[in-house]
Amino acid sequence: MYIEDSREIASWMARATSDGRFGIDLEFIRERTYYPKLALIQISVGDDLALIDPLADLELGPLIETIDDPAITKVVHAGSQDMEILEEVAKRTPCNVFDTQIAASFLGLGLQPAYSVTCERILGQVVAKGESWTDWLRRPLSDSQERYALDDVKHLLPLHDRLQGDLSTENRLSWALDEMEKYSSAVTYHPLVDNSIRRVKRSGSLDGRGLSLLRQLYLWREEEAKRCDRPRRRILSDELLVEIARRAPQDIDSLDRIRGIDSRDVRRSGKHILAAVKRGLDTAEDEYPLLIKKRRLEPREEAALELVTSALRALCRAERIAPPLVGKSDDVEDLLRDFWGGEIDASEHRLLSGWRGELFGKKLLGFLEGDYSIAIDADSGFPELRPSR
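Be aware that the sequence shown starts at 5, since it is given in my numbering, and climbs by one per residue.
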C-alpha cells in the first residue's frame with residue numbers, strides 16, 4: 005500500500021516502535037549527481053508492507069526519529085548505501101542496524117550474497133529481479149515497479165528471525181553484530197580525509213609532499229562536487245588528481261599542459277585548482293599525511309605470504325566464511341612482517357582481534373609457529389589445516 009498522509013507515517017512508526025523493529029529499503033538514483041536522489045522508501049512492520057513517496061509533500065519526521073533510536077532495530081539487506089542516504093537526510097548517525105547480507109555471510113552464503121539468493125537459501129522464497137535498473141524517479145510507478153519494491157522488504161523481517169536464530173544456534177550472532185557496528189560509527193559516513201585519499205587510484209605512487217597536495221586537491225574536488233551536485237569523477241578524475249599532485253603546477257599554462265585535463269576545466273576551475281596546489285605546498289612537512297611505504301617483499305617472503313594466505317583460506321572454508329570478509333592480503337602481510345620482526349601485538353592486528361581473533365587467531369599463529377600444517381583433504385580435494393603433532 006501507499007502511505008499518502010503524514011499521519012499514516014507517524015502511525016506506522018508508532019507500530020514499529022512498539023514492535024522494536026521494522027524493515028526498510030530505499031530506491032534512489034545517483035549516476036549523474038553527487039547526492040543520491042531518494043526516489044522511494046519501502047518499509048515493513050509486522051506482516052504489513054508500505055511505500056512512502058519522498059517526492060510527495062510528506063512529513064518524514066517520525067521515520068527520521070527512528071534512525072538513531074537504539075531501541076528500534078532497522079532491518080536492511082546490503083544497507084551501506086541506504087544508511088548513507090538516511091544519515092544525510094536525517095543528519096543523525098544510524099544505530100541498531102541489522103544487515104541480513106552480513107548475517108548470511110556468517111552462515112556459509114559467501115561474500116555479499118544478493119537479497120534474492122539469501123531469500124531462496126534461507127526461506128525458500130523466490131524473489132523477482134526485473135526492475136533493478138528502472139527509473140525510480142518517474143511517476144506514476146507501474147504495478148510491476150510497486151510489486152518489485154514491496155518484495156524488497158517483504159522478507160526482511162522473516163530473514164531477521166531466521167538468521168538471528170541460526171546465528172545464535174551456531175554461537176555466531178555476536179560476531180555478525182560486531183561486523184554490523186560499522187553502521188553506528190560516524191566515521192563510516194564521514195571518513196577522515198587522510199584515509200580517503202589513500203583510496204584514490206595511484207595515490208601510493210606519491211611522496212609526502214605529493215600526498216599533501218593530493219589532500220588539498222581532494223578536499224577542493226569534494227566541495228566542488230557538492231556545490232555543483234555532480235559526481236566526483238565529473239569534476240576531476242582520480243588519475244588527474246594524482247598527476248596534478250605529482251607535477252605541482254603553479255600557473256595556468258603548466259596546469260593546461262597536463263595530459264588529459266580539459267581546457268574548459270582549466271578555464272572554469274584553474275585558479276581554484278592552483279589555490280589547492282599552493283595550500284598543499286605551504287603545508288609544513290610535519291603536517292603531511294603519514295607516508296606508508298612498505299619494503300618490497302623478497303621472493304622467499306612472497307612465498308610465505310602465499311602460504312599463510314592459503315592457510316587462512318583453508319580456515320575460512322572450514323568455518324564457511326568468505327575469506328574477503330575476514331581479511332585482505334595486506335592484513336596477512338602486516339601479520340607476517342610483525343612475526344618476522346619477532347613481536348606480535350594481537351590488539352593491533354585485524355586478523356587476531358575481535359571475532360576474527362576468536363575464530364582464527366590461535367590456529368593462524370599456530371601455523372606461523374609450526375603447530376599446524378596444510379594438507380589436501382582426500383575426500384574434498386581442498387586444503388585444510390591439521391595439527392603438525
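From the three backbone atoms N, C-alpha and C, an ideal C-beta is built for every residue, glycine too.
With 16 other Cβ atoms within 10 Å as the buried cut-off, status of residue i
i: Glu31; result: buried
i: Val101; result: buried
i: Asp61; result: exposed
i: Gln46; result: buried
i: Val281; result: buried
i: Glu91; result: buried
i: Leu232; result: The residue asked about is misnamed: residue 232 is Cys in this sequence, not Leu. Flag for Cys232 reads exposed.
i: Tyr119; result: buried
i: Trp140; result: buried
i: Gly27; result: buried
i: Leu295; result: exposed
i: Arg25; result: buried
i: Trp344; result: exposed
i: Ile380; result: exposed
Residue i, DSSP secondary structure in three states
i: Ala403; result: Look at the range of the chain in this structure, 5 to 393, and you will see that residue 403 is not part of it.
i: Tyr38; result: coil
i: Phe110; result: coil
i: Tyr292; result: coil
i: Ser200; result: helix
i: Phe26; result: strand
i: Ile45; result: strand
i: Lys367; result: helix
i: Ile378; result: strand
i: Pro58; result: coil
i: Glu31; result: strand
i: Ile7; result: strand
i: Phe386; result: coil
i: Leu141; result: coil
i: Pro328; result: helix
i: Lys230; result: helix
Cβ-based neighbour list, residue i, same chain, cut-off 8 angstroms, excluding 5 preceding and 5 following
i: Ala395; result: The requested residue 395 is not part of the displayed model; the chain covers only 5 to 393.
i: Arg251; result: Ser258, Ile262
i: Pro328; result: Leu115
i: Glu291; result: Ser216
i: Ser241; result: Gly264
Beta-carbon proximity check, residue i vs residue j, cutoff 8 angstroms
i: Leu196; j: Leu218; result: no
i: Ile274; j: Leu285; result: According to the sequence shown, residue 274 is Gly rather than Ile. The answer is no: Cβ separation not under 8 angstroms.
i: Ala315; j: Phe386; result: no
i: Leu389; j: Lys367; result: yes
i: Ala82; j: Gln129; result: no
i: Glu243; j: Lys205; result: yes
i: Leu171; j: Leu177; result: yes
i: Asp211; j: Pro293; result: no
i: Met5; j: Asp103; result: no
Same chain only: Cβ atoms within 7 angstroms of residue i, ignoring 5 sequence neighbours per side
i: Leu309; result: Leu301, Val336, Glu337, Leu340
Cutoff 6 angstroms; reference residue i; Cβ partners in own chain excluding five residues on either side
i: Thr313; result: Val336
i: Val49; result: Trp16, Arg19, Ala20, Phe26
i: Asp29; result: Gln46, Asp156, Val157
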